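Take a look at the structure below.
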Amino acid sequence: MIEHVTKRFLECYRDLKSNDQIKSDRQFCISLDYTPQSWSKIQKGERAVTLNLIRKAAILYKFNPVYILLGVGSKFIKQDDSHLVKIAVDEHENERIVHIPVAAKAGYLDQFNDEQYLKNLISYNLPWDYFNHGTMRSFDVEGDSMEPILKSGEIVICSNVDDPGLWQSNIKSGYVYVVVTQNDIVVKRVINRLAQDKVLELISDNSDYPPIIVKAEEIKEIWFVKMKISPFAHSKMNLREELMKKYTTLNETIKTQSETIERLNKTIEKLLQKQRII
């Protein structure tokens, strides 16, 4: 298995070199931050290619990890323009977070890759570096399918899971994502079954909702949920004090009832004793 993986990786490398996309072994190694000595051993069959090297080559040179690991598909990841995420920027060319409200849901499904359409949507920046890396979107949460973790009316802020060729390895099972399909935008917990069945299983935290199976070819975009914005629920300042009073009153009521029951039991016992004497 390992030998086959290394062999397929070298096939991709030779195709890359024959197409003049790289000039030398040294250039290839420098670009991937890999030592020429180790690369030489891989070419001689003395060392196996590492997963980290496959990952770097997939990102930089579009080596197809599915082909390398499983021998399935083409050697290189095919770029599909329909999956290229469009962005919105401010006057300083800083990328902004585009918000997709419930009202814009239907339009987004048809025009998610239309730059003019995105410009007409609300976009904004947040002051923390956490949100300044990569393409971001925010979406309204609708319905109760993800309660209690997400409630209707909240907003999720997400980062784009780019490059569909790497979804198989980059989508983490058990995590919450916004999945944009041909027909809907849903916020769900995802089980990644792309490698085995070429599908994603979408799970609701609310057990009243059944799982949804989505085929890979039906998926347009995937967004990893990083944060949520929730409406603030105001409460009385003395809420704790009120709760303590209610707790104390309840304890006193229970104590009084216990004493009443105890006296009643004693009375019944005395009556029973008199009945026995008679």
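All the letters of the sequence shown, read from the start, carry residue numbers 494 to 771 under the working numbering. For glycine and all other residues, C-beta sits at the position ideal for the given N, C-alpha and C. This structure is a prediction, so every number in the text was calculated from the model and none was measured.
Taking only runs that begin and end inside the region 648 to 683, name each unbroken beta strand (DSSP E) of 3 or more residues, in chain order. You should have 648 to 653, 669 to 674.
Does DSSP put M540 in a helix, a strand or coil? Position 47 of the sequence shown, counted from the start, is the residue given in the question as residue 540. According to the sequence as given, residue 540 is Arg; it is not Met. Here R540 sits in coil by DSSP.
Do N676 and V578 have their CB atoms nearer than 7 Å? The residue you call residue 676 lines up with position 183 of the sequence shown. The residue you call residue 578 lines up with position 85 of the sequence shown. The Cβ atoms of N676 and V578 do not sit closer than 7 Å to each other.
Mapping DSSP to helix, strand and coil, what is F502? For the purposes of this step, residue 502 is taken as the residue at position 9 of the sequence shown. Reduced to three states, the DSSP call for F502 is helix.
Please look up how many angstroms separate the CB atoms of V718 and C651, rounded, as I've assumed it's under 8 Å. Along the sequence shown, read from residue 1 onward, the residue named residue 718 stands at position 225. Along the sequence shown, read from residue 1 onward, the residue named residue 651 stands at position 158. Indeed, because the Cβ distance is near 5 Å, the residues count as touching under 8 Å.
Among residues of its own chain, excluding the 5 on either side of I705, which ones have a beta-carbon nearer than 6 Å to its beta-carbon? On the sequence shown, residue 705 is found 212 positions in, with the first residue counted as 1. Taking I705 as the centre and dropping the five residues before and after it, the same chain places the C-beta of L695 closer than 6 Å to its C-beta, in chain order.
Quick check: the Cα distance between K537 and R548, rounded to an integer number of angstroms? Counting from 1 along the sequence shown, the entry for residue 537 is found at position 44. Counting from 1 along the sequence shown, the entry for residue 548 is found at position 55. Distance between the alpha carbons of K537 and R548: 21 Å.
Round the Cβ separation of L546 and L525 to the nearest angstrom and send it over; I've been treating them as touching at under 8 Å. Your numbering for residue 546 matches position 53 in the sequence shown. Your numbering for residue 525 matches position 32 in the sequence shown. In this structure L546 is in contact with L525, their Cβ atoms being roughly 6 Å apart against a cut-off of 8 Å.
Cβ-based burial, G499 [other Cβ within 10 Å; buried from 16]: For the purposes of this step, residue 499 is taken as residue 6 along the sequence shown, with counting starting at 1. According to the sequence provided, residue 499 is Thr. The question's Gly does not apply to it. Buried: at least 16 other Cβ atoms inside 10 Å.
What residues are listed by DSSP as bridge partners for Y617? The sequence position of residue 617 within the sequence shown is 124, counting from 1. Here Y617 is bridged, per DSSP, to I590.
Under three-state DSSP, which class holds L525? Mapped onto the sequence shown, residue 525 falls at position 32. Residue state, collapsed to three classes: coil.
Quick check on DSSP: helix, strand or coil for A597? Here residue 597 is taken as the residue at index 104 of the sequence shown, counted from 1. Per DSSP, reduced to three states, the secondary structure at A597 is helical.
How should E714 be labelled, buried or exposed, when 16 other C-beta atoms within 10 angstroms of its C-beta is the threshold for buried? Locating residue 714 in the sequence shown gives position 221, counting from the first residue. It is buried - the Cβ of E714 has at least 16 other Cβ atoms within 10 Å.
Looking at V794: is its Cβ nearer than 7 Å to the Cβ of S616? One cannot answer for residue 794 here, as it falls past the ends of the chain, which runs 494 to 771.
Which of helix, strand or coil does DSSP assign to A581? Along the sequence shown, one-based indexing puts residue 581 at 88. Residue state for A581 is assigned as strand, using DSSP reduced to three classes.
As a quick exercise: from G636, N618, Y610, pick the residue whose alpha carbon is nearest that of Y702. Locating residue 702 in the sequence shown gives position 209, counting from the first residue. Among G636, N618, Y610, the Cα nearest to that of Y702 is on G636.
Going by DSSP in three states, D633 sits in which element: helix, strand or coil? Translated into the one-based positions of the sequence shown, residue 633 becomes position 140. Under the three-state reduction of DSSP, D633 is assigned to strand.
For K534, which residues from the same chain have a beta carbon less than 8 Å from its beta carbon, with the 5 sequence-adjacent residues on both sides left out? The sequence position of residue 534 within the sequence shown is 41, counting from 1. Excluding positions up to five away in sequence, the list reads R540.
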